[in-house]
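Counted from 1, the sequence shown has number 204 at position 204 by the numbering used here; the numbering is strictly sequential.
Note that CB positions come from ideal geometry on N, CA and C, so glycine has one too.
Nothing here was measured: the structure is a model prediction, and the numbers come from that model.
Report on the following structure.
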Amino acid sequence: MRSFASDNNSGVHPLVMEALNQANQDHAVGYGDDAWTEEAVRKIREAFTPDCEPLFVFNGTGSNAVALQLCTRSYNSIICAETAHIYVDECGSPARMTGCQIRPVATPDGKLTPELVRPYLCHFGEQHHSQPGAFYISQCTELGTIYQPDELRALTELAHRYGMYVHMDGARLANACAALNLSFKELTADCGIDILSFGGTKNGLMLGESVIIFNPALKKEAYFVRKQSAQLASKLRYLSCQFTAYLTDDLWLKNALHANRMAELLYTGLKELPEARFTQKMESNQLFLTMPRPVIDSLLKDYFFYFWNEEENEIRFVTSFDTTEQDIEELLRAIRSYCH
Numbered sequence: 001m002r003s004f005a006s007d008n009n010s011g012v013h014p015l016v017m018e019a020l021n022q023a024n025q026d027h028a029v030g031y032g033d034d035a036w037t038e039e040a041v042r043k044i045r046e047a048f049t050p051d052c053e054p055l056f057v058f059n060g061t062g063s064n065a066v067a068l069q070l071c072t073r074s075y076n077s078i079i080c081a082e083t084a085h086i087y088v089d090e091c092g093s094p095a096r097m098t099g100c101q102i103r104p105v106a107t108p109d110g111k112l113t114p115e116l117v118r119p120y121l122c123h124f125g126e127q128h129h130s131q132p133g134a135f136y137i138s139q140c141t142e143l144g145t146i147y148q149p150d151e152l153r154a155l156t157e158l159a160h161r162y163g164m165y166v167h168m169d170g171a172r173l174a175n176a177c178a179a180l181n182l183s184f185k186e187l188t189a190d191c192g193i194d195i196l197s198f199g200g201t202k203n204g205l206m207l208g209e210s211v212i213i214f215n216p217a218l219k220k221e222a223y224f225v226r227k228q229s230a231q232l233a234s235k236l237r238y239l240s241c242q243f244t245a246y247l248t249d250d251l252w253l254k255n256a257l258h259a260n261r262m263a264e265l266l267y268t269g270l271k272e273l274p275e276a277r278f279t280q281k282m283e284s285n286q287l288f289l290t291m292p293r294p295v296i297d298s299l300l301k302d303y304f305f306y307f308w309n310e311e312e313n314e315i316r317f318v319t320s321f322d323t324t325e326q327d328i329e330e331l332l333r334a335i336r337s338y339c340h
């Protein structure tokens, strides 16, 4: 059964699997001192900036925790949207590992703006209060929306004015770049992002992420923090080799464009139905909408997807790099049959 619950449920792209198999042909030095990791670092610097520092880690939560530890001290606060992954979906791991207060901000679309965060930029220098230390943002957001470059620059300029850092969770960065027709560099370093969690498991990788450091001030302690956070793999080549495949011949872009196109196809079919009402703009590979509860209950018998807000009968559909047009047509056919 094809899943529309999450792009995490998709498979591994054959070229990534081939890279893993190639890395498995012989012995290699552990902990990242191998040719596979060296090549992956080169590819990342080519795609982002020549002087960025990539550190490979096991997963998204680990990547966020490492990045935020580099941005903060335990007396800081981390400001994020109330829908942010670090606030809702990571079991308090970043809060525990940083020791920081997580301060959620109500947003209509999952995006922080200077206007929304300004009330939280207060009590600087007062010993009784957590000191604002970092903004955490997701690109794409948890609501499928996308930050434009000018929106990112407005946030990073504000943060830097207050001596803060900006951490971008790029679990779906590829989908955002594909949607905006921009490069990784144009949507991160060029916008003043200090540190990035660069993911790929939602777009064809098996496992692993890369913490990519752009701000030189954050590099000094990075390798120690990764090790102390239990995120240093002994056989690191099995993480890093995937990124080489991912960044070769624009595989990341082809996958993301396809996932976005499948979401657009699904959106086009759904918007014709009066029973389907979208709750967020469709900008990437995630769709948020409400439908009558009987339709949802019937659909859940044959398809796997998540409620986003069960009280409001709001659901989320997510498409992937391996979603097919047939998958979309069959889902739409089922929805239409339950609506009539």
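Inspect the beta-carbon positions of residue i and residue j and report whether they are closer than 9 Å.
i, j, result
"C100", "P94", "yes"
"R316", "F288", "yes"
"H85", "E142", "yes"
"T188", "A134", "no"
"C177", "E275", "no"
"A81", "P50", "no"
"S63", "Q231", "yes"
"F58", "G208", "yes"
"S284", "T145", "yes"
For residue i, is the classification buried or exposed, using 16 other Cβ atoms within 10 angstroms of its Cβ as the cut-off for buried?
i, result
"L300", "exposed"
"C91", "exposed"
"K111", "buried"
"Q139", "buried"
"Y147", "buried"
"F347", "This structure cannot settle anything about residue 347, because the visible part of the chain is limited to 1 through 340."
"V41", "buried"
"Y87", "buried"
Within its chain, find whatever has a CB closer than 6 Å to the CB of residue i; leave out the 5 residues flanking it on each side and keep chain order.
i, result
"M206", "V12"
"C241", "A19, A23, W36"
"G269", "L332"
"L152", "C191"
Mind checking which residues open and close the alpha helix (DSSP H) that includes residue i?
i, result
"T72", "No alpha helix (DSSP H) holds T72; DSSP gives it neither H nor E."
"E115", "114-117"
"Q228", "222-228"
"T98", "93-98"
"P14", "14-23"
If I follow the unbroken beta strand (DSSP E) through residue i, where does it start and stop?
i, result
"N76", "76-81"
"I328", "It is not in any beta strand (DSSP E) - I328 instead sits in the alpha helix (DSSP H) that spans 325-339."
"Q242", "Run containing Q242: none in the beta strand (DSSP E); it sits in the alpha helix (DSSP H), 237-246."
"S284", "That residue, S284, is in no beta strand (DSSP E); it is neither H nor E in DSSP."
Just to confirm my understanding: we take residue i, look at its own chain, exclude 5 residues before and 5 after, and list those with CB closer than 7 Å. What are they?
i, result
"A121", "The amino acid at residue 121 is misidentified as Ala; the sequence shows Leu. P132, Y162."
"K235", "G30"
"E312", "T290"
"Q280", "D109, L143, G144, T145, F288"
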